[in-house]
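Heads up, the thing below is written out as C-alpha cells.
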Amino acid sequence: MSYITAKEFLEENAEKFHLKTLAGEKNLSKKKIIVADINRPGLALTGYFGYFPFERVQVFGKTEFSYLKKLGRQKAERVLEQIFKKNIPCVIISRKLKPPYGFLTLANKYKTPVFETSMYTTQIISASMLYLEKKLAPKKTIHGTFVDVYGVGVMLMGKSGIGKSEISLELIKRGHRLIADDLIEITRLNDEQLIGKGMSVVQHHMEIRGVGIIDIKNLFGVGAIREFQKVELILRLEEWDKTKDYERLGLDIRTETILDVNVPNIILPVKPGRNLSVIVEVAAMTQRLKDRGQNPAKELNDAILNWMEKEK
C-alpha cells in the first residue's frame, strides 16, 4: 500500500503551505498517510462516531473551534479525546487559530502531529488533496522512450536495441520533445488518465549506441524537452516478420492495459528503409483525430461500402 509519513508531508509542504508543528513532533516519522481524502470532523464533534474516517488527515477550522468553545471545556475535551484515540495520521489547524482547551495536550498524549497554517480552511484542504493525490497515486516504471509528438504523448516500446532512442532523436531534431528515455515512471491520476515522466536522475538524457550518453536539454535547448505528459499512444516496435499479418487498414483498435487504464496500441514493424520517425508523426496525428471523434480509416471504409451499395 502506498503511503507517506507525516514527516514527509511536513518537509515537502512546510514552505508552500506555511506549516508549523505544534504537537506530536517526535512521532512525525511513525504516522502514515494512506489516503488523499481530507476530513473535517464535524459530526465527530457532536459525539457521533458511527462513521469516522480516522485514516484521513483531519482539518480543524473556525467552524470546528467555535463549536468546541460552545461545548465547554469538559465536553470538548471528552469528544477531542475520542478523536485522538482513533490513531489519526495528523491534524492541520487553519488560519493560525489558537487551539481551545486541552487540544495540544491530548495531541501529545496520543502522539498525534498537529500542524498550523495561515491558509484558509478550504485552501489548505484543496492544496493538501492535490498534493496527496499525486503522491499516493498508483505508479509503475516501464522500459521505453516517451516523446511528445504534436502534443500527443507517445510511448515507444520494444526490445533493447530495436531503435527506440534513435527514432526519438530524429523526432527531437524534427521539433518534437523528449520526456523520458529508457525508464518511464507512469502515474495513474484517475480511471482514465495516465501521466508519464522520466526518473529524476536520468531525465532528459539518452543513450545512443556508439556515441554514449547525451544531454538533450544542453544539445537542443529547453524547447526540446518536457517534464511530463499524458500517455495517449503506445507504439510497440518489433522486427518485421514476413509470416505475420500487420494492420493495413487501421480499422481494428488495439489497446494495452497499464495500471488498469486502456491505452491505444499500435504494433510497428521495423525493417531497413522505413522512415519510422515520419510514421510515428503520422500515428500521433491520426490519434489526435480519433480523440476528436474522427477515424480516417473508418470514414474511408464507410464511403467505399456506400459506393458499392449504390453500384449494385
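For what it's worth, the numbering used here labels the leading residue of the sequence shown as 75, then goes sequentially. All C-beta atoms in this analysis are idealised placements derived from N, C-alpha and C, irrespective of residue type, glycine included. Note that the structure is a prediction, hence the values are computed from the model and not measured.
Can you give me the start and stop residues for the alpha helix (DSSP H) that residue i sits inside?
i	result
G116	116 to 119
R147	147 to 158
D365	350 to 365
I108	First-last for I108: undefined, no H or E at that position.
I246	238 to 247
Which of the three DSSP states, helix, strand or coil, is assigned to residue i?
i	result
P370	helix
L102	coil
K233	coil
N161	coil
M280	strand
V223	strand
Going by alpha carbons, who is nearest to residue i out of the options?
i	options	result
F91	I199, L117, P115	I199
K233	E312, R114, K372	E312
E64	M203, V275, E330	Outside the displayed range of the chain (75 to 386) lies residue 64, so it cannot be described from this structure.
A150	S168, H217, L333, L178	L178
Check whether the Cβ atoms of residue i and residue j sit closer than 7 Å, and answer yes or no.
i	j	result
L102	K81	yes
V305	G270	yes
A298	R251	yes
L206	T219	no
I157	A118	yes
P163	G98	no
Would you kindly work out how many angstroms separate the C-alpha atoms of residue i and residue j, rounded to a whole number?
i	j	result
Y125	K214	33 Å
I112	S140	20 Å
E385	I327	29 Å
I166	D365	42 Å
E129	I78	12 Å
R152	G176	10 Å
L268	L309	16 Å
Q277	I246	15 Å
V296	Q303	15 Å
Residue range of the beta strand (DSSP E) that residue i falls in?
i	result
L309	307 to 313
A254	251 to 262
I332	329 to 332
K185	Per DSSP, K185 belongs to no beta strand (DSSP E) and is neither H nor E.
A97	94 to 97
I288	286 to 289
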